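The next block holds one structure in the form of structure tokens; read it before the comments.
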Amino acid sequence: MRKRVNACRRLYQRTINDVVLKENRKQKYAEAKTTYQAAVKREKFISWKEYCNVTASINPWSQVYKLAGGKTRANSIMTTLKKPGGLETSSIQETMKVMLEYNFPKDREEEETQDRKNIRKFEEPINTSEDVEFTREEMTNNSKLQ
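125 is the number that numbering that gives the first Met the number 0 gives to position 126 of the sequence shown; each next residue is one higher, with no gaps.
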């Protein structure tokens, strides 16, 4: 549609000698321009309405009001961190690895306390000679309790 308006405008501007033809082309250009401007305005309104409806379904107070108040901002993405050695990370994966190692350090055996050793002892399954298998009667009685 815009190409058609531009073509009508060029035809109107290039007509020099014929006054009647120039007036016809001027009228045709004015009609095409009016139709085009109305279509643009209509599509902008439809687009805005759709945008507002989509955002309102998520949170009615969010994006539209931030946009109207000029409070929108770009999301910041952390890409690098300083490693303990002073160097910086070079990728998202390396950054995540450094964060995990810093926040959740691995236990070092040389720094392990006696309490931690006792906890580890209980994490292993206990198998002694006194352990016996459950009998069918014990299993039946247990299922009746539930």
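C-beta atoms are modelled at their ideal positions from N, C-alpha and C, and glycine is treated no differently. Predicted model only: the values in this text are computed from it and were never measured.
- Annotation note: the segment 10 to 36 contains no uninterrupted alpha helix (DSSP H) run of length 4 or greater.
- Taking a cut-off of 8 angstroms for Cβ pairs, the segment 44 to 52 and the segment 25 to 32 do not touch, as fewer than three such pairs fall below it.
- Just so you know, the alpha carbons of E93 and P83 end up roughly 13 angstroms apart.
- Taking C-alpha positions only, R1 is separated from Y35 by approximately 7 angstroms.
- Annotation: the continuous alpha helix (DSSP H) that includes E93 extends over I91 to N102.
- In the three-state reduction of the DSSP assignment, E87 falls in the strand class.
- In this model, D130 and I91 are separated by some 50 angstroms (Cα to Cα).
- Counting the other Cβ atoms within 10 Å of the Cβ of Y101 gives fewer than 16, which makes it exposed.
- Under the three-state reduction of DSSP output, K81 falls in the strand class.
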